[in-house]
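Residues 757 to 1012 (my numbering) are what the sequence shown spells out, left to right.
Even for Gly, the Cβ is constructed at its ideal location relative to N, Cα and C.
Quantities reported herein were computed from a predicted structural model and do not represent experimental measurements.
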Amino acid sequence: MSRMPGAVFDVEHGSEAMSRHDIVCVHTIVGTAPATAAHFSTAADGTIHQSRDTKFKSAANLSGNHRIIAIENEDRGSAFGAWDTSDGHAVPAFTPQQLDAIAKILAWAHKEHGIPLQLCPDSKPTSRGLAYHRQGIDGNFGPFRHPGRVEAGEQWSGSFGKVCPGDRRIDQLTAILEKAREIVEGGFDEVATKAEIKEAVREVVAEVVRDELTKQRKMLTDGGDGAGNVNKERNNLQNIRELITESTNDIIAKLG
Ligand SMILES: [Zn+2]
757 MSRMPGAVFD VEHGSEAMSR HDIVCVHTIV GTAPATAAHF STAADGTIHQ SRDTKFKSAA
817 NLSGNHRIIA IENEDRGSAF GAWDTSDGHA VPAFTPQQLD AIAKILAWAH KEHGIPLQLC
877 PDSKPTSRGL AYHRQGIDGN FGPFRHPGRV EAGEQWSGSF GKVCPGDRRI DQLTAILEKA
937 REIVEGGFDE VATKAEIKEA VREVVAEVVR DELTKQRKML TDGGDGAGNV NKERNNLQNI
997 RELITESTND IIAKLG
């Protein structure tokens, strides 16, 4: 079973097993989330819906369904303003929250299913990575910035000329990919809980304290600084202890 932590899961809409996982494909709904034909949907506010376990096929990518994780994305509602849905150039960009949400899904799909963190070049059966729906669609895309299906590419829709997910959204794929890489490579709050970070800080501080105390003890045992100043060394030791305790408390307090 493959459900993404943090996603809102309602009812399972899938039933046929996927044969492999090669691609995460980005769509636009022309409506509001969720769109249950896809595995995931993002809302303007960054809410992630999951409508299908990723062990099951979506119904969003036609002949690519056996190997594609589909993400539908909201594009209507107050966050986007009014736009002409009959104009393929008018599809609004993702909100910053949606961009983050898609990156999170991609990072999860990378860890869970090994989807490579790269832009998918086209819909050919061997191509892998982060794709957009239009890559598997035939049409006259000359006036658009991003091309459609190439020869020998899989057909990801039967609707000729469907521009999904719109040029502005396709333009954002590079930023989504970068964000997903950051998450995977260890964005701090993505890999560790606050408690884990505190524990790590405590360990480092404890090690520094141990080393310093050992050094000071050795000096005391050896008779001070060589000139017999044992009391001075004792005071130093006490100062260092206090300093370290204060710094540790400061760091822990800052972590909240
Ligand atoms: Zn689409």
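CB of Gln972 within 8 Å of CB of Leu993, strictly: Residue mapping note: residue 972 aligns to position 216 of the sequence shown, counting from 1. Residue mapping note: residue 993 aligns to position 237 of the sequence shown, counting from 1. With contacts defined by Cβ atoms closer than 8 Å, Gln972 and Leu993 form a contacting pair.
Simplified DSSP assignment, three categories, for Glu938: Position 182 of the sequence shown holds residue 938. Of the three classes helix, strand and coil, the one that applies to Glu938 here is helix, per DSSP.
Cα-Cα separation, Lys867 to Lys811: If you number the sequence shown from 1, residue 867 lands on position 111. If you number the sequence shown from 1, residue 811 lands on position 55. Taking the straight line from one Cα to the other gives about 14 Å.
Environment of His845 [buried if 16+ CB atoms lie within 10 Å]: The residue given as residue 845 occupies position 89 in the sequence shown. Its Cβ having fewer than 16 others within 10 Å, His845 is exposed.
Of the residues Asp1006, Gln806, Lys918, Thr970, the one placed nearest Ala865, counting alpha carbons only: Reading the sequence shown from its first residue, position 109 is the one you call residue 865. Relative to Ala865, the option among Asp1006, Gln806, Lys918, Thr970 whose CA is nearest is Gln806.
Which residues DSSP lists as bridging Leu886, in chain order: Translated into positions along the sequence shown, residue 886 becomes position 130. DSSP, once it has assigned bridges, lists Val780, Leu875 as partnering Leu886.
Ligand 1 heavy atom lying under 7 Å from the CB of Cys920: Translated into the one-based positions of the sequence shown, residue 920 becomes position 164. Under cutoff, so the answer is yes.
Member of Val782, Gly820, Trp839 whose CA lies at the smallest distance from the CA of Ser775: On the sequence shown, residue 775 is found 19 positions in, with the first residue counted as 1. Restricting attention to Val782, Gly820, Trp839, the CA atom closest to the CA of Ser775 is found in Gly820.
Collapsed DSSP secondary structure at His866 in the structure displayed: By 1-based counting over the sequence shown, the position of residue 866 is 110. Helix.
Three-pair Cβ contact test at 8 Å for the segment 780-799 versus the segment 823-835: yes
Cβ pair count under 8 Å reaching 3, the segment 880-892 against the segment 791-804: At 8 Å Cβ cutoff, the stretches do not touch.
Presumed contact (8 Å Cβ cut-off) between Gln853 and Asp801, rounded CB distance: Taking the first residue of the sequence shown as position 1, residue 853 is located at position 97. Taking the first residue of the sequence shown as position 1, residue 801 is located at position 45. Between Gln853 and Asp801, the beta carbon gap of about 6 Å places them in contact (Cβ cut-off 8 Å).
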